[in-house]
Amino acid sequence: MPTLDKPLSDLKILITEQEIQSKLTVLAQEIEKIYPQDEEIYIICVLKGSVMFCADLVKHFKHNVQMEFIRISSYGHETKSTNNLQAIDLTLPNLQDKNVLIVEDIIDTGLTARFLTDLFKIKHHPKKLAFVSLLNKKCARQIEIEPDLYGFEVDDKFLVGYGLDYKGYYRNLPYIGYFPV
Ligand code: IMP
Ligand code: MG
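For my numbering, add 48 to where a residue sits in the sequence shown, where the first one is 1.
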């Protein structure tokens, strides 16, 4: 691994593994109330950032689920949103009249959430659409949009861990942290 200008030794933990795992139980219960008990849910994992959150969240569901994966990039290698959304893979099955849950790691400017919500409503016509994000950087919003549910509200700091990366690194950390400036 190349020498990183943000080494792991500088990282301060913001949300512990235990805090994340406890939150998942609560979130999963709230999400399950949104959908009829006997109907399946299509889980849309927004890669790469949501990989950990989505994988851990679905383990709590009692509903039957189908898992789908789409890939969008907005940060590139920067630590600020580039406002330049790149849809890398939006391949999905027919979701008309299905129960759909979009699973995101973090809502920052809100541009990705807006893009996805519009895309699903206009193109896929689901029966029920809900949006869950583990983290919510409300103070960084550039457009008005809120997830139906979220785990933690966070300050406008660049965060890594539990799916969130810096230059592709640190996604594997089981907690979420930041680099003090
Ligand atoms: P938005 O479109 O600006 O709301 O940004 C959404 C995407 O940017 C998220 O899905 C993340 O993948 C990425 N992102 C936003 N904030 C952070 C951060 O603090 N660390 C790492 N990635 C982030
Ligand atoms: Mg994301």
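Positions of the beta carbon are idealized from the N, C-alpha and C atoms, including for glycine.
Under the three-state reduction of DSSP output, Asp-86 falls in the coil class, being neither helix nor strand.
The continuous alpha helix (DSSP H) containing Phe-163 extends over residues 159–167. Gly-199 counts as buried, since at least 16 other C-beta atoms from the protein chains shown sit within 10 angstroms of its C-beta.
A check of alpha carbon separations from Tyr-83 across Phe-163, Asn-147, Lys-60 identifies Asn-147 as the nearest. Partner residues in a beta bridge of Lys-185, as assigned by DSSP, do not exist. Within the same chain, Ile-154, Ile-155, Asp-156, Val-202, Asp-204 come within 7 Å of Lys-185 by CB-CB distance, once the 5 residues on both sides are set aside.
Here Lys-175 is not near Asp-196, since their CB atoms are 8 Å or more apart.
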